[in-house]
Amino acid sequence: VELVGREVGTVTTLAGDCHGGLSDGPPGKARLFFPSGLAISKRGDFLFVADSRNHRVRAINTQIGWTTTLAGSGSAVEVHGDHQ
1396 VELVGREVGT VTTLAGDCHG GLSDGPPGKA RLFFPSGLAI SKRGDFLFVA DSRNHRVRAI
1456 NTQIGWTTTL AGSGSAVEVH GDHQ
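Per this note's numbering, the very first residue in the sequence shown carries number 1396; after that it's consecutive.
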């Protein structure tokens, strides 16, 4: 996950690299596996990521780059039947 700055040519890696994995921590250590959906907090201080293959929701602090797992057990859940 990379942050593109307003200045020309500035790109900052917030989390991950070209290898999938699962670990929280600073930009050089945090790993995700197939990040897909993204949402930014109203103040812009957190980026929320759907870490698809890890079946988790992750939060990345955009100020310091720290990645934290917010939700998910690591297992996919299938829902069947009428759930009202």
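Where is the CB? At the ideal position from N, CA and C, for every residue including glycine.
S1470 has its alpha-carbon roughly 26 Å from the corresponding atom of G1460.
Of the candidates G1415, D1446, C1413, T1408, T1408 places its Cα closest to the Cα of P1422. A1434 is classed as exposed because its beta carbon has fewer than 16 other beta carbons within 10 Å across all chains shown. The criterion of a C-beta distance shorter than 7 Å is satisfied by F1429 and R1448. According to DSSP, F1443 shares a beta bridge with A1434, A1454.
Non-local C-beta neighbours of F1441 in its own chain, meaning closer than 8 Å and more than five positions away in sequence, comprise I1435, A1454, I1455, N1456, T1457, ordered along the chain.
Residue ranges of uninterrupted beta strand (DSSP E) with 3 or more members, entirely inside the segment 1401 to 1435 and ordered along the chain, are 1406 to 1408, 1430 to 1435.
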